[in-house]
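Below: one structure, written as structure tokens.
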Amino acid sequence: MSNKITRRQILYLAAGATVIATTGGALLALGPGGSSTPRPTQSPPQTATAQQTPSQPGQTRRSLVILARSGYHEEIHRNGLVPYFQSKVGPVEVKYIPKGYDDLYQVGVLAVQRQSNEYDVMYVDQPWLLDFKPHVEVIEGVDLTGYPAKLVDQQRVGNGLYAVPIVGNANFLFYRRDLLETLNESPPKSMDDLARLLEESSKKLPRGVYSAGAYLPSSVSDAYATILLAYGGALFDPKDGVTPVVDSQEGIEALKTLYLFKKFGHPRNMSWTNLTEYSEAIYQGEIMCGIVWNGWVQYADVPERSRIVGKMEVMPLPGRKGPVAQTGVWYYVVPKYSQNRELAKEYVRLATSFEGQLYAHLNAQMPPSRYTVFQDPKVKEKNRLAEAYYRLLEVATPARTSPAYMDAESALNTAVSKFLNDQLTAEETVKQMQRILVDASKKRGLI
């Protein structure tokens with residue numbers, strides 16, 4: 198598997214609790230790694246390192262296999278979620294299997310389709326949920342306090358959830374407060390105001406500083422879908438989550454605004470080769486405002502990494518019907534075929550609890566899916582943007598709700614790229630996107 202950093206994947210290493218991981222079928226111990234990651238400010242709980250506990254006669258061996266993401270998602274688990282779980286239940290052997298985004302989906306879907314008992318807990322992105330639903334356990338006893346309803350309502354089955362939110366990523370707008378003040382500007386109050394700001398500031402900013410930033414190699418997930426929500430549009434009908442509806446006036450307007458992120462943006466917006474490059478441009482002060490996910494700006498206030506300490510602010514897009522951000526939430530599921538289902542469910546309940554998410558946020562910078570974590574005094578003391586992130590999660594809305602999106606994403610990005618390169622009109626592009634989504638949905642029998 199390539200070491201190249203891809204969408205929503207920022208690699209970093211940090212010192213942390215020992216977790217046993219498997220890669221290519223071999224076991225290896227993940228010890229402390231060199232990094233400029235800030236040290237945890239919350240004392241770690243007393244926890245056993247990952248190890249195998251001898252089974253007593255008649256008892257199931259206390260072990261779990263977690264199939265999840267590589268990159269910073271792995272650090273969230275290694276430094277936060279797994280140590281917290283172990284501190285509550287005692288010694289449990291945890292095998293963490295990290296995969297890249299596409300590999301994780303393919304390995305996970307194949308495993309449940311084959312009814313494999315290889316994995317006990319799986320880490321699932323929002324668009325994949327319906328693919329896993331027939332194959333997973335209902336998890337009861339999850340405290341839903343602090344979860345936005347949009348993150349759990351569709352996952353309810355009886356008295357439980359078939360998928361429980363854990364990482365609360367959002368796609369939103371950041372801006373440089375100091376640059377806006379220099380230009381005698383305020384944060385945008387509408388999408389028209391945002392368009393005006395991008396154009397007018399491009400004529401006034403210092404040399405080497407650009408009005409707009411966006412990761413346009415994967416433009417649909419990482420910018421367009423959020424802009425579309427801001428105009429009141431959608432990729433899929435919110436009523437059923439699967440019927441494509443992108444061919445709309447809102448879809449056209451969203452494309453025209455996305456074009457401004459190319460026209461007045463950083464010259465590399467179309468050609469970033471990985472997310473580290475985009476993040477570094479932000480940290481080096483080259484971008485006035487841009488569309489990002491949480492992990493892309495997590496070091497903005499770390500002096501060793503950033504030249505914009507204390508200068509960045511975050512906000513939802515100023516949508517026509519109110520503030521808008523896009524959810525990029527990751528969920529836990531427990532396959533029906535696991536031989537450790539009860540222990541796996543206990544892991545999910547503990548890791549997703551308020552206390553578990555608080556610990557992982559303080560020690561591994563995990564974006565919590567329980568937005569009330571941002572109101573905790575310890576979080577507010579450490580993170581000056583805690584209240585702003587709380588407001589982001591309050592208004593965040595799912596956009597990539599259909600499993601057909603996974604099949605269509607590459608073709609959608611190609612269509613939008615042609616538009617951004619003046620090879621298609623906005624009207625032609627939304628019609629092409631609609632056809633792509635309809636074809637993918639029909640192949641899956643969704644419409």
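For the sequence shown, the numbering used here assigns the number 198 to the initial residue and increments by one for each residue that follows. For every residue, glycine included, the Cβ atom is placed at its ideal position computed from N, Cα and C. Computed from a predicted structure; not experimentally measured.
Restricting to Cα atoms, I'd like to know which of the options is closest to residue i.
{"i": "Thr342", "options": "Arg567, Ile363, Val439 and Arg353", "result": "Arg567"}
{"i": "Lys639", "options": "Lys628, Ala612, Pro600 and Ala623", "result": "Pro600"}
{"i": "Gln352", "options": "Thr598, Ile644, Leu643 and Thr626", "result": "Thr598"}
{"i": "Asn580", "options": "Arg266, Gly507 and Lys453", "result": "Gly507"}
{"i": "Ser550", "options": "Glu539, Thr569 and Gln562", "result": "Thr569"}
{"i": "Leu590", "options": "Tyr602, Lys577 and Pro564", "result": "Pro564"}
{"i": "Val333", "options": "Tyr344, Pro324 and Gly305", "result": "Gly305"}
{"i": "Met603", "options": "Pro574, Ala637 and Asp390", "result": "Ala637"}
{"i": "Lys518", "options": "Pro362, Tyr428 and Leu643", "result": "Tyr428"}
{"i": "Ala608", "options": "Lys628, Val592, Asp619 and Ala596", "result": "Lys628"}
{"i": "Glu337", "options": "Gly525, Leu326 and Tyr359", "result": "Tyr359"}
{"i": "Glu271", "options": "Gly297, Lys285 and Ser260", "result": "Gly297"}
{"i": "Leu425", "options": "Asn381, Val521, Met512 and His463", "result": "Val521"}
{"i": "Ile505", "options": "Ser445, Gly525, Leu472 and Leu376", "result": "Leu376"}
{"i": "Gln312", "options": "Gly553, Glu578 and Gln536", "result": "Gln536"}
{"i": "Ser445", "options": "Ile644, Ala623 and Ala265", "result": "Ala623"}
{"i": "Pro295", "options": "Met319, Trp469 and Ser387", "result": "Met319"}
{"i": "Val645", "options": "Pro384, Val321 and Trp325", "result": "With the chain covering only 198 through 644, there is no way to say anything about residue 645."}
{"i": "Ser260", "options": "Leu307, Arg632, Glu397 and Glu315", "result": "Glu315"}
{"i": "Ile273", "options": "Val289, Ala561, Gly355 and Gln481", "result": "Ala561"}
{"i": "Gly405", "options": "Asp390, Gly448, Ile479 and Asp419", "result": "Ile479"}
{"i": "Asp299", "options": "Ile633, Val361, Ala583 and Arg266", "result": "Arg266"}
{"i": "Gln310", "options": "Lys533, Glu382, Gly448 and His558", "result": "Lys533"}
{"i": "Gly553", "options": "Tyr281, Tyr475, Tyr269 and Arg275", "result": "Tyr281"}
{"i": "Asp498", "options": "Ala596, Leu582 and Asn276", "result": "Leu582"}
{"i": "Thr423", "options": "Val592, Glu578, Ser383 and Arg502", "result": "Val592"}
{"i": "Asn610", "options": "Ala392, Ala585, Asp419 and Asp390", "result": "Asp419"}
{"i": "Ser503", "options": "Tyr421, Val511 and Glu477", "result": "Glu477"}
Reducing DSSP to helix, strand and coil, say where residue i ends up.
{"i": "Ser252", "result": "At Ser252, the pLDDT of 44 sits below 50, so the modelled position is not reliable and the matter cannot be decided from this model."}
{"i": "Asp375", "result": "helix"}
{"i": "Val443", "result": "coil"}
{"i": "Val635", "result": "helix"}
{"i": "Ser649", "result": "One cannot answer for residue 649 here, as it falls past the ends of the chain, which runs 198 to 644."}
{"i": "Pro464", "result": "coil"}
{"i": "Tyr269", "result": "helix"}
{"i": "Ser233", "result": "Annotation note: pLDDT 30 at Ser233 (below 50); position unreliable, coordinate value reported separately. Here Ser233 sits in coil by DSSP."}
{"i": "Met630", "result": "helix"}
{"i": "Ala367", "result": "strand"}
{"i": "Pro652", "result": "Nothing about residue 652 can be reported from this structure: the residues present for the chain run from 198 to 644 only."}
{"i": "Trp493", "result": "helix"}
{"i": "Glu606", "result": "helix"}
{"i": "Val286", "result": "helix"}
{"i": "Ala427", "result": "helix"}
{"i": "Gln243", "result": "Here the model assigns Gln243 a pLDDT of 39, short of 50, so the residue's position is not dependable and the matter cannot be decided."}
{"i": "Ile484", "result": "strand"}
{"i": "Val406", "result": "coil"}
{"i": "Leu514", "result": "strand"}
{"i": "Tyr209", "result": "Interpretation of Tyr209 is limited by its pLDDT of 32, a score under 50 that renders its predicted location unreliable; the figure taken from the coordinates is listed afterwards. In the structure shown, Tyr209 sits in coil (DSSP, three-state: anything other than H, G, I, E or B)."}
{"i": "Val531", "result": "coil"}
{"i": "Lys292", "result": "strand"}
{"i": "Pro500", "result": "coil"}
{"i": "Ser399", "result": "coil"}
{"i": "Ala218", "result": "Reliability fails at Ala218, whose pLDDT of 39 lies under 50, so the model's placement of it is uncertain and no value is given."}
{"i": "Gly642", "result": "coil"}
{"i": "Ala411", "result": "coil"}
So residue i and residue j are supposed to be a Cβ contact under 8 Å. How far apart are they, rounded?
{"i": "Ser416", "j": "Ser408", "result": "No, Ser416 and Ser408 are not in contact; Cβ-Cβ is about 17 Å, not under 8 Å."}
{"i": "Leu413", "j": "Leu555", "result": "About 35 Å separates the two Cβ atoms, so there is no contact after all."}
{"i": "Gln523", "j": "Ala367", "result": "7 Å"}
{"i": "Ala548", "j": "Leu278", "result": "4 Å"}
{"i": "Ser630", "j": "Val443", "result": "Looking at the sequence itself, residue 630 is Met, so the reference to Ser does not match. So it is a contact: roughly 5 Å between Cβ atoms."}
{"i": "Val262", "j": "Lys285", "result": "About 19 Å separates the two Cβ atoms, so there is no contact after all."}
{"i": "Lys386", "j": "Pro515", "result": "6 Å"}
{"i": "Thr594", "j": "Lys347", "result": "6 Å"}
{"i": "Gly525", "j": "Gln323", "result": "7 Å"}
{"i": "His558", "j": "Val576", "result": "6 Å"}
{"i": "Ala612", "j": "Ile644", "result": "Wrong, their Cβ atoms sit about 19 Å apart, outside the cutoff."}
Got a sec: is the Cβ-Cβ distance from residue i to anything in chain C below 9 Å?
{"i": "Asp604", "result": "Of the protein chains in the structure, only one exists, and it is not chain C."}
Would you say the stretch 432-450 touches the stretch 487-494, given that touching needs at least three Cβ pairs under 8 Å? The stretch 432-450 makes no contact with the stretch 487-494: fewer than 3 CB pairs, one atom from each, lie closer than 8 Å.
Report yes or no: do the stretch 427-434 and the stretch 526-541 share at least 3 C-beta pairs separated by less than 8 Å? Not touching, per the Cβ criterion.
Does the contact criterion of 3 or more C-beta pairs under 8 Å hold for the stretch 468-486 versus the stretch 357-377? Taking a cut-off of 8 Å for Cβ pairs, the stretch 468-486 and the stretch 357-377 touch, as three or more such pairs fall below it.
Every unbroken beta strand (DSSP E) within the stretch 297-355, with a cutoff of 3 residues, ordered by chain: Runs of the beta strand (DSSP E) inside the stretch 297-355: 318-322.
Touch test, the stretch 320-331 against the stretch 448-461, Cβ-Cβ under 8 Å, three pairs minimum: The stretch 320-331 is not in contact with the stretch 448-461.
Segments of 4+ residues assigned as alpha helix (DSSP H) that fall wholly inside the stretch 542-605: With a minimum length of 4 residues, the continuous alpha helix (DSSP H) runs that stay inside the stretch 542-605 are 551-561, 574-579 and 583-592.
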